[in-house]
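Protein chains in written order, with the numbering used here: chain A, 57 to 280; chain B, 7 to 258. Inspection log for the structure reproduced underneath, given as structure tokens.
Okay, structure coming up:
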């Protein structure tokens with residue numbers, strides 16, 4: 057404030073509500089660490105395009121990381137749990153009106169919430185199958201384990217839905233994050249970031265689908 | 007564009023509600039077509055002859071209006087499902103039958119009249135004014151650039167009509183969200199050099215329950231705003247300011 061402060065009759069009370077921080081944390085966790093983990097996850101899974109040996113080695117490398125349990129719980133588990141619980145609270149607080157207002161952004165609004173709920177179910181089952189169930193049974197998750205898993209009826213479609221939901225939720229959430237944190241503030245910059253986020257989403261979607269196809273030996277391998 | 011059955015008539019469906027909390031029902035009317043009719047003129051015709059298409063005499067539909075030039079916001083209603091002002095809704099540009107409903111996000115007083123005082127409470131909450139009243143002359147305020155004046159002029163065109171709130175999926179009686187109109191006022195007054203003296207206060211007024219972070223980025227507000235106020239830009243600017251303010255209180 058560049059001008060004389062004698063007019064400042066009322067002082068700042070430094071009252072920032074808990075809900076402000078809670079929503080900021082929700083928004084932040086979506087990008088870091090959850091979004092960052094999504095990228096890592098797609099990266100590791102992409103080894104599936106090279107077949108069983110490469111994938112199993114990549115998984116083993118992750119599994120043997122120091123403090124892996126703490127990383128899993130602290131950097132993935134808890135943030136996802138918080139993001140989901142707070143996300144559900146956000147979803148139920150809205151009253152979608154897409155049948156009256158057909159704007160594209162309004163559809164994104166409702167899709168963000170729908171994919172969020174899908175992801176809650178998807179991640180729950182996915183984590184159970186590939187991390188909890190295998191640990192209980194003392195089985196190592198390998199390429200063959202995943203092939204068996206994915207060959208069960210409906211599983212391919214379930215995984216495809218999960219991957220695409222995650223990609224949309226991340227890309228659209230990133231666009232929203234940029235507004236919420238005041239990084240994009242003009243209509244022009246929001247449009248620009250929409251193009252960038254779309255590109256990220258499409259690219260990530262292709263990578264995700266290719267990795268999934270890798271388990272069936274049908275992935276596209278691009279190398280020079 | 008006129009009615010299929012009689013090209014000389016305008017068919018209008020009005021959602022009627024006798025008093026607050028009463029059940030609502032639709033009534034169908036036909037009025038004689040004239041060139042350049044607007045919705046207000048049609049409602050005035052119904053006031054003269056409040057008879058439904060079935061020939062049943064009824065009470066004239068109640069509505070509010072004042073300026074008749076889209077600067078006061080009082081004749082705002084849902085016209086063919088979209089929030090807008092009745093004064094600038096021209097019959098020649100509307101698809102028939104024309105459906106008139108009161109706003110759904112505010113309590114109905116009667117027919118098309120709603121109680122919009124919630125919006126004025128929001129304005130009080132964000133202190134949408136510049137406190138310069140005192141016991142002595144404070145002299146001239148600071149000068150500011152023409153560029154800022156133009157930006158602020160656009161923001162200042164808000165007439166508190168409520169279209170943005172009506173279209174917002176986050177706003178309503180179900181939620182404490184303050185909505186785009188008041189957030190735009192935070193930006194309007196915080197960008198004024200004298201108003202900026204109370205910038206922190208206004209920012210903090212939207213940093214609690216139902217504040218800026220309740221925006222869901224559906225961006226319907228900016229699409230329906232009759233004044234084309236860049237509401238999403240205002241929300242993003244206030245997001246930036248509140249984020250920086252929060253970081254400052256956290257580390258400083």
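C-beta atoms are modelled at their ideal positions from N, C-alpha and C, and glycine is treated no differently.
So, helix, strand or coil for residue 62 (chain B), using DSSP? coil
Out of curiosity, what's the CA-to-CA distance linking residue 254 (chain A) and residue 225 (chain A)? For residue 254 (chain A) and residue 225 (chain A), the gap between their C-alpha atoms comes out near 11 Å.
Put residue 107 (chain B) into one of helix, strand or coil per three-state DSSP. strand
Find the residues of chain B that neighbour residue 236 (chain A), judging by a C-beta separation of less than 9 Å, and give them in chain order. 218, 219, 221, 223, 242, 245 and 249
Buried or exposed, going by whether 16 or more other CB atoms sit within 10 Å of the CB of residue 42 (chain B)? exposed
For the region 112-198 of chain B, list the beta strand (DSSP E) runs that are entirely contained and at least 3 residues long, ordered along the chain. For the beta strand (DSSP E) assignment, the uninterrupted runs of no fewer than 3 residues enclosed by the region 112-198 of chain B are, from N- to C-terminal side, 114-116.
Cutoff 7 Å; reference residue 67 (chain B); Cβ partners in own chain excluding five residues on either side: 20, 22, 49, 52, 117 and 118
Measure from the C-beta of residue 9 (chain B) to each C-beta in chain A and report whether the shortest distance is under 8 Å. A caution first: residue 9 (chain B) carries a pLDDT of 46, below 50, which makes its placement in the model too unreliable to give a value.
Buried/exposed call for residue 32 (chain B), threshold 16 Cβ in 10 Å: exposed
Buried or exposed (CB count within 10 angstroms, at least 16 for buried), residue 251 (chain A): exposed
In three-state DSSP terms, what is residue 108 (chain A)? helix
Measuring only the C-alpha atoms, how far is residue 101 (chain A) from residue 136 (chain A)? 19 Å
Out of curiosity, what's the CA-to-CA distance linking residue 80 (chain A) and residue 249 (chain B)? 9 Å
What do you get for residue 60 (chain A), buried or exposed, if any count of 16 or more other CB atoms within 10 angstroms of its CB means buried? Its pLDDT being 40, under 50, residue 60 (chain A) is placed unreliably by the model, and nothing is read from it.
CA-CA distance, residue 191 (chain B) and residue 235 (chain B)? 11 Å
Who are the neighbours of residue 171 (chain A) on chain B, taking C-beta pairs under 7 Å? Using a Cβ-Cβ cut-off of 7 Å, residue 171 (chain A) is close to nothing in chain B; its nearest Cβ partner there is about 14 Å away.
Can you tell me the Cα-Cα spacing of residue 268 (chain A) and residue 179 (chain A), whole angstroms? 16 Å
For residue 75 (chain B) and residue 123 (chain B), I'd like the C-alpha separation in whole angstroms. Rounded to the nearest angstrom, the two C-alpha atoms are 22 Å apart.
By DSSP, does residue 19 (chain B) sit in helix, in strand, or in coil? Residue 19 (chain B): strand per DSSP, three-state reduction.
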